[in-house]
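Down below is the structure, laid out as structure tokens.
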Amino acid sequence: MKSCLIVDDSKVIRKVARHILETLNFEVEEAGDGQEALTRCEARMPDVVLLDWNMPVMSGMEFLRLLRQRGHADQPKVVFCTTENDMAHIRAALEAGADEYVMKPFDRETLHVKLQLVGVA
Ligand SMILES: [Mg+2]
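Under my numbering, the first residue of the sequence shown is numbered -18, with each subsequent residue one higher.
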């Protein structure tokens, strides 16, 4: 069973994403901001991180930079979630080390395709 860490400051989005991921047979963990996500990754690296961008305490971008800088051998795939259909924004995320992106709100099929693209589903 693959594991996914959902990082989002919205409890509703975490709940929706958890439901979808569980139907796709993922073991799910949640974090409410980038700092909490880093702590979770250090305790146990997930196979994939579903990452929100705008969060209090630590943003998705800061989390991603720190995670990639630390250079763990077991780096997770990162799919970042955005509401902005803006190529500059998406490019910045990919340059910071994201593997894929998904537009919010996403449905099961869209998320499944993205997880297949990064090789975890
Ligand atoms: Mg947010």
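All C-beta atoms in this analysis are idealised placements derived from N, C-alpha and C, irrespective of residue type, glycine included.
Since this is a predicted model, take the numbers as computed values, not measurements.
Should Lys(-4) be labelled buried (16 or more other beta-carbon atoms within 10 Å of its own) or exposed? exposed
Based on Cα-Cα distance, which residue from Gln16, Thr64, Leu45 lies nearest to Met37? Looking at the sequence itself, residue 37 is Pro, so the reference to Met does not match. Checked all of Gln16, Thr64, Leu45; the closest Cα to Pro37 is Gln16.
Report the rounded CA-to-CA distance for Ala18 versus Asp67, giving the unit in angstroms. 25 Å
Close beta carbons around Leu48, own chain, < 7 Å, minus the five adjacent residues each side: Leu19, Cys22
Can you give me the start and stop residues for the beta strand (DSSP E) that Met84 sits inside? 81 to 84
Buried versus exposed, by CB contacts within 10 Å (16 or more), Ala12: buried
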